[in-house]
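**Q**
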């Protein structure tokens with residue numbers, strides 16, 4: 001089974017990647033990686049045990065990397081993360097980040113000459129090319145997808161669409177357009 005790398009770190013916002021991972025899990029193995037193999041506590045207190053350390057990542061073994069939001073202070077000096085991100089980008093593999101996650105992409109130098117979006121305190125924008133920021137829910141430039149934190153559903157659909165695993169049913173379901181199976185049942189019984 002092909003693999004997708006999910007970077008986890010203290011305070012990562014697990015809700016921001018739920019739609020993406022739910023849609024990907026049938027065709028891709030989601031491998032969690034962190035700066036250390038120690039237990040990671042998410043934004044809501046969930047405990048996650050990473051599969052591997054980032055230093056063990058071999059980019060050729062993965063189809064892409066997803067970086068959720070959280071407190072970017074935990075990524076501030078993560079040179080290994082920035083290196084891994086650059087490797088994914090150079091191999092034209094998916095690099096997807098949401099909310100504060102694009103901070104790591106900016107630190108990796110990925111936003112030179114391309115549009116992006118992020119949800120981050122403006123005082124922390126020193127590494128971002130501000131002129132390339134656009135306020136949209138999701139911004140995609142080739143293999144790079146960024147999203148606002150509140151746009152986790154469109155982000156998940158964009159990531160799944162990138163890999164060709166989104167379909168009309170799950171786009172409608174996660175997009176809040178109703179449960180088509182229930183709609184059909186209701187119409188048959190009216």
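Numbering (the numbering used here), first residue to last: 1 to 190. Ideal placement from N, C-alpha and C gives every residue a C-beta, glycine not left out.
(1) Do residue 115 and residue 132 count as a contact pair if the criterion is CB distance below 8 angstroms?
(2) Would you be able to state if there are at least three C-beta pairs under 8 angstroms between the segment 69-86 and the segment 23-30?
(3) Under three-state DSSP, which class holds residue 97?
(4) What's the C-alpha gap between residue 91 and residue 72?
(5) CB-CB under 6 angstroms to residue 64, same chain, minus the five flanking residues each way: which ones, in chain order?
(6) State the DSSP-derived secondary structure class of residue 8, mapped to helix, strand or coil.
(7) Would you mind working out which of 28, 51 and 48 sits nearest residue 62, comparing C-alpha positions?
(8) So is residue 135 buried or exposed if we call it buried at 16+ other beta carbons inside 10 Å?
(9) For residue 49, count neighbouring C-beta atoms within 10 Å of its own C-beta (all shown protein chains included) and say buried if the count is 16 or more, exposed if not.
(10) Pull up the distance between the alpha-carbon of residue 97 and that of residue 66, whole angstroms please.
(11) Which same chain residues end up closer than 8 angstroms to residue 167 when comparing Cβ atoms and leaving out the 5 residues on each side of it in sequence?
**A** Once the coordinates are examined:
(1) yes
(2) no
(3) strand
(4) 25 angstroms
(5) 4, 93 and 94
(6) coil
(7) 28
(8) exposed
(9) exposed
(10) 6 angstroms
(11) none
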